[in-house]
Structure formats: structure tokens, C-alpha cells
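Working notes, beginning with the structure itself.
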Amino acid sequence: MKLIRDPVHGYIEVPDRLLPVISNPLFQRLRYVKQTALAYMVYPGMNHSRFEHSLGVMHLSLEFLKYIKENSSLEFLDQELMELIATTAMLHDVGHLPFSHTFENALQVAKRIYGVDVFERDKKTHVILGTQLVESGLGSELEKSFRTFEDPVKFITRVLLETPSNKEEKLAHLIISNFIDADRSDYLLRDSYYAGVEYGQFDIERLKRFLFFENDMLVVLSKILPIVEQFLLARMYMFQNVYFHSVVGMYNAILSQAIAQLLRDGYLVVPTEVKDFLVFDDNFVVSKLQLVRHELRNAIMYRQGFKRIKIEPGPSCIDKLESMKKEIYEDVRSSDGLLVYHEFNDVPYREEKDEAVYILTPHGVERLKRISPVIGSLSEIRKVVVGYHVSREDLGRKYEKILTECGD
Numbered sequence: 382m383k384l385i386r387d388p389v390h391g392y393i394e395v396p397d398r399l400l401p402v403i404s405n406p407l408f409q410r411l412r413y414v415k416q417t418a419l420a421y422m423v424y425p426g427m428n429h430s431r432f433e434h435s436l437g438v439m440h441l442s443l444e445f446l447k448y449i450k451e452n453s454s455l456e457f458l459d460q461e462l463m464e465l466i467a468t469t470a471m472l473h474d475v476g477h478l479p480f481s482h483t484f485e486n487a488l489q490v491a492k493r494i495y496g497v498d499v500f501e502r503d504k505k506t507h508v509i510l511g512t513q514l515v516e517s518g519l520g521s522e523l524e525k526s527f528r529t530f531e532d533p534v535k536f537i538t539r540v541l542l543e544t545p546s547n548k549e550e551k552l553a554h555l556i557i558s559n560f561i562d563a564d565r566s567d568y569l570l571r572d573s574y575y576a577g578v579e580y581g582q583f584d585i586e587r588l589k590r591f592l593f594f595e596n597d598m599l600v601v602l603s604k605i606l607p608i609v610e611q612f613l614l615a616r617m618y619m620f621q622n623v624y625f626h627s628v629v630g631m632y633n634a635i636l637s638q639a640i641a642q643l644l645r646d647g648y649l650v651v652p653t654e655v656k657d658f659l660v661f662d663d664n665f666v667v668s669k670l671q672l673v674r675h676e677l678r679n680a681i682m683y684r685q686g687f688k689r690i691k692i693e694p695g696p697s698c699i700d701k702l703e704s705m706k707k708e709i710y711e712d713v714r715s716s717d718g719l720l721v722y723h724e725f726n727d728v729p730y731r732e733e734k735d736e737a738v739y740i741l742t743p744h745g746v747e748r749l750k751r752i753s754p755v756i757g758s759l760s761e762i763r764k765v766v767v768g769y770h771v772s773r774e775d776l777g778r779k780y781e782k783i784l785t786e787c788g789d
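Residues in the sequence shown are numbered from 382 upward in steps of one, following the working numbering.
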């Protein structure tokens, strides 16, 4: 076992079985991929990486599983399976492209605005790429570390693709990708820590001690309902105030434009081979910024040149902008990225089919919305930010007029 000092969780204990995977260059590459892209333009401390987040998710997965095993008496959940699930959690972001979700947005910009033929699957692009890397670049380490499993690679890829085939994979999926999971728990605590805000804080120590796995469901004991509410509200506040901050959005939109234009002009190509993926990180993209127009480069490097329209459109205004999407895209394209338009969208909590937070009450298992008026009142978060370079005041005036006239 190795100990890693972490500012969020204290000491992270890494089982020996996971060390070869951590040492693989594909995982080490995550040191050079920022967790929150250009959020440091507003929150200067947010320079942390996918590497430390992935270690944090691994750590919390083991913590969750330890208490689930105690609370639910799961005979099938032995130490090796717990460590395989933790490895899966640790690799959930291994396929992230430079600047994380901003690159995924850039792929959409490249396709929809500039007509570039690129592979993209919205926010799942990194998941698909990650499973390919697990299969082609990490297979030997995984097979050596988990010799008693028939196919640890398939286990990991099925869980990451959210296609579990048995109860072991179902448990792994719920631990890693659920309304209350190790991934969200770590990024809320970690991102709020580095942003210097309190929005993402919640009582993780109490939450993890009251988790159960019953009838293929992750269940939370009713006595900690306030902490479940605290968790989901923390996520909502982080999205509203940090991830969806309008200036953060504007700079990430500018970076998306720069990346999209590099893809359009052939200066960037998403790798298909492991050896090429190893060097495809934030530093690689930054080194290419000299090839984009200086207005975009100066904005990204020096926070110069762009303004945002300081009118936050309400629901009807956002609907109007949606109806104008073709015209907006044309203005972005014709200005070669000197107008930027970025949409934010998130649903803090929803219940569909088998998707829900399940609460164990004295009367049985209930869905969260049935017993929590607070969570039942949460609604979709929608925001739009429009920015422009000072050389295109004409476009700034055009969209300021539109936003003023359609104000709710």
C-alpha cells in the first residue's frame, strides 16, 4: 500500500494492486489535463487536474464500498472486487481530452458551426475514448493485477459505458455514476476547495456510513436525509455559481472556438493511437495557440479583448435565442469566433424509470422526491452567455439589443 497526501481527503491509501495502473503513462497523462478548463480565469486556484480527482474518486469508492459491505452483508463483495471497482472509478476519466469538457464542447462547435467531420458524443466522448484506451493501453496491467477475474477489462468497459451485466457491475456502476456517487462527491468537494467557495461542501463522512446495496439499488438510510438534500443542493449551487459562472463560460467558449478552428485547419487531430494520445494534453493545445488568430490567443493567455453582454436572459429569452440558432451560428462563423455563444444546461435531480435516489424508511424504500419537498422543487438550470471581441462592437450591440428586448 502507498499513501498519497491529498488536500481534500487527507491521506489516500492506494492498494498495491492499483499501483501499476497509476504508473501507466496513460493515467499519468491526467496530471496535465485541467479538471475545470479555464475556470481559473475567475477562480485563480482552480488549476487542479483530472489526475488528483481520479485518485479522489478511487479513494471514495473504496470508502463507500467498505461501509456498504458492512451495512448490507454482501458475500460477493471481497477485497479484490472492491479494488477492481475502485480501479474502474479511477479510470473513469482516463479518456478526457485537453481541458476536459471544454474540448468536448469544441468538437460540437467544430461540427455544427464549421462543418468539420469529427467524432463526438457530447459529454460521453471521453467515456468512449476512455474505454478504447483501457482496452488498447491498460489491458496487460489490469490482467496482471486482477488474475482471478475472467476479464477485468470487459468489467471496466461495461461499467464505464453504463451497460452492467451482473450485480457486481451494477454495484460498480452505482458507485461511480449515480445521483450520489464517488465521482460527484469528489468533484464537489475538490472543486469548491480550489475555487475557495463553500457551495460544494457537505458531510461526506456521515453520508458514506449510511449507504446500503439492496435489490440492485444503492439505498440511503432515512436518518441522513438532510445530508442527501445537502449533497444535491451543493451540486446545484456549484453549477449555478462556479461551473455556470458567465465569465467562466465566456472564456471556455473562446477556448472552444480556438480548438475548433485548430481542428478545422488541420493543426489538431484527435488521436486514434495510444502513443499519440499520451502527448495530447493541455500543454499540447496551448503550444498550438500561436496558430490561431491573435484575438482568441490573447483572450485565452492574457484575459484580454473580449467582453460579455451583462444581461442574464430568462427562460423566454433563452427560447428566443434557441429559435435564432441558425443566425447565431452564422454570426459566429462569419466573425471567425469573435462572437461567442455558450449554453449551460443541467438538471440537479430527476427521477426516471430506475433512476432515483432511494431512501430506506421505516415503511420501506421510497424515492427521494416522495419524502423531500426540497428536492422535489428543484428545476432545470438553463443559462446563456454571449461574448464578443471589442473589434466587433457591432455584434455586441446587436445581441445586447436582442437580449434587452426579450428580457423576461
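For each residue, glycine too, the CB sits at the ideal point set by N, CA and C.
Helix, strand or coil at residue i according to DSSP, with G and I counted as helix
i    : result
R322 : The chain is shown only over 382 to 789; residue 322 falls outside these bounds and no answer can be derived.
S454 : coil
N675 : Asn is not the amino acid found at residue 675; the sequence shown has His there. In the structure shown, H675 sits in a helix (DSSP, three-state: H, G or I).
H626 : coil
Y413 : helix
Y424 : coil
M705 : coil
H770 : strand
K551 : helix
I537 : helix
R645 : helix
V666 : helix
E693 : coil
K782 : helix
E579 : coil
E736 : strand
T653 : coil
C787 : coil
F560 : coil
H482 : helix
D700 : helix
P754 : helix
Distance, residue j Cα to residue i Cα
i    : j    : result
I537 : Y624 : 28 Å
V766 : R590 : 40 Å
N547 : E654 : 31 Å
E461 : R528 : 10 Å
K511 : L478 : The amino acid at residue 511 is misidentified as Lys; the sequence shows Gly. Rounded to the nearest angstrom, the two C-alpha atoms are 10 Å apart.
Q611 : G647 : 46 Å
L472 : L659 : 15 Å
F725 : P388 : 29 Å
T468 : S697 : 45 Å
G520 : I709 : 45 Å
G391 : P425 : 22 Å
Q638 : V746 : 47 Å
L741 : F620 : 28 Å
R689 : L443 : 43 Å
F457 : I561 : 23 Å
L400 : P533 : 16 Å
L407 : I509 : 15 Å
V673 : K764 : 28 Å
Y722 : S603 : 43 Å
F432 : I393 : 13 Å
H770 : V395 : 47 Å
K707 : R714 : 11 Å
L784 : I692 : 7 Å
Given residue i as reference, the closest of the options once Cα atoms are compared
i    : options                : result
D700 : C787, K551, H390       : C787
D572 : Y421, P401, K779       : Y421
D662 : Y448, G426, S481       : S481
F593 : G768, E394, K450, I783 : K450
G494 : P729, Y574, E736, D712 : What sits at residue 494 in the sequence shown is Ile, not Gly. The shortest C-alpha separation from I494 is found at D712.
S716 : H429, M631, E761, R773 : R773
V738 : E531, I756, H723, G695 : I756
R410 : E464, G437, G476       : G476
N633 : P729, M598, R684       : R684
R502 : E516, V490, G518, E485 : E485
D564 : P652, P396, D474       : D474
M791 : D567, G695, S668       : It is not possible to answer for residue 791, since the shown part of the chain is limited to 382 through 789.
I676 : P743, V650, L719       : According to the sequence shown, residue 676 is Glu rather than Ile. Ranking the options by Cα distance to E676, first place goes to L719.
DSSP beta-bridge partners of residue i
i    : result
G745 : T742
S430 : K415
V765 : E724
I393 : I385
M598 : E595
F687 : H770
K504 : R502
Closer than 8 Å to chain C by CB, residue i
i    : result
Y618 : Checking the listed chains, one finds no chain C in this structure; it contains a single protein chain.
Anticipated Cβ contact below 8 Å, residue i with residue j, distance rounded
i    : j    : result
M427 : A576 : 5 Å
F687 : G768 : 5 Å
A487 : A641 : 5 Å
A470 : I557 : 5 Å
E732 : R748 : 6 Å
T483 : L670 : So it is not a contact: roughly 14 Å between Cβ atoms.
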